[in-house]
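Visitor: What follows is a single structure, and I will ask about it in a moment.
Numbering (the numbering used here), first residue to last: 1 to 209.
Right under this line is the structure:
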């Protein structure tokens, strides 16, 4: 993007920038990138604009974040859009807050909380070409919800009774109840069959994929 394009853009706004602007410039080599960056710094200086150096760099395209997105290399030389690692980390932190096992909320209430967050996130990142990442997020979320259910049963005797109601064998129910405090580990021990995807769909838990 040349300097005169920036100047015309500035003039079109009558000398005002309405908000912080972000842009990526793609070139063929690092040397070209450094040359373009210096030119842009000079252009912005003439416009009395400040460059945020902490977010400015000449770097390979892979992994660079832009509005929550990044590019990833796919087989056969294809380039695809992906959710940036920082955006995924922020999502996971928010999901952990909504599904904390100490909140004292039922799975139905948690599902309602998730419905107020996940669809908006999914809509924003609808351009991401990462179906595997979305499926893994679904699996991770359901794992957390199964752990929440175990935590809510609390005592081993209650856990044993509820598991038996779900059709768990005596041996498996006793093994899970015997380690009643290990909710995360126990949530994999057969509960993925007893509390399947359809169970969470009926609760209204939104999906990523």
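Ideal Cβ positions, reconstructed from N, Cα and C, are used throughout, including at glycine.
Given residue 99, which residues of its chain have a CB within under 8 Å of its CB, disregarding the five upstream and five downstream residues?
Guide: For the purposes of this step, residue 99 is taken as the residue at position 99 of the chain shown. These residues qualify, in order along the chain: 110, 114, 141, 144, 145, 148.
Visitor: Go through its chain and collect everything with a Cβ distance to residue 134's Cβ below 6 Å, but skip five positions before and after it.
Guide: Locating residue 134 in the chain shown gives position 134, counting from the first residue. For residue 134, where only same-chain residues beyond five positions count, the Cβ hits under 6 Å are 208, 209.
Visitor: Helix, strand or coil, according to DSSP, for residue 69 in the structure here?
Guide: One-based indexing of the chain shown puts residue 69 at position 69. Of the three classes helix, strand and coil, the one that applies to residue 69 here is strand, per DSSP.
Visitor: With H, G and I counted as helix, E and B as strand and the rest as coil, what does DSSP make of residue 48?
Guide: Stepping through the chain shown from its first residue, residue 48 is reached at position 48. Coil.
Visitor: With DSSP as the reference, label residue 118 as helix, strand or coil.
Guide: Taking the first residue of the chain shown as position 1, residue 118 is located at position 118. Three-state result, residue 118: helix.
Visitor: Which same chain residues, not among the five before or five after residue 71, have their C-beta less than 6 Å away from its C-beta?
Guide: Numbered from its first residue, the chain shown carries residue 71 at position 71. Closer than 6 Å at Cβ, skipping near neighbours: 61, 79.
Visitor: Return the CA-CA distance between residue 108 and residue 168, expressed in angstroms with no decimal places.
Guide: Residue numbering aside, residue 108 sits at position 108 when the chain shown is read from its first letter. Residue numbering aside, residue 168 sits at position 168 when the chain shown is read from its first letter. Looking at the two C-alpha atoms, the distance is approximately 22 Å.
Visitor: Spatial neighbours of residue 196 within its chain, please: C-beta separation below 6 Å, excluding the five flanking residues on both sides.
Guide: Your numbering for residue 196 matches position 196 in the chain shown. Hits under 6 Å: none found.
Visitor: Secondary structure at residue 128, three-state DSSP: helix, strand or coil?
Guide: Translated into the one-based positions of the chain shown, residue 128 becomes position 128. Coil.
Visitor: For residue 51, count the other beta carbons within 10 Å of its own beta carbon; 16 or more makes it buried, fewer makes it exposed. Which is it?
Guide: The count along the chain shown starts at 1 and reaches residue 51 at position 51. Under a 10 Å Cβ-count criterion, residue 51 is classified as exposed, with fewer than 16 other Cβ atoms of the shown protein chains found around its own Cβ.
Visitor: What's the C-alpha gap between residue 172 and residue 158?
Guide: Mapped onto the chain shown, residue 172 falls at position 172. Mapped onto the chain shown, residue 158 falls at position 158. So the alpha carbons of these two residues sit roughly 14 Å apart.
Visitor: Just to confirm the assignment, what range does the beta strand (DSSP E) spanning residue 82 have?
Guide: Translated into positions along the chain shown, residue 82 becomes position 82. Its beta strand (DSSP E) spans residues 79-83.
Visitor: Who are residue 62's beta bridge partners in DSSP?
Guide: Position 62 of the chain shown, counted from the start, is the residue given in the question as residue 62. Answer is 71.
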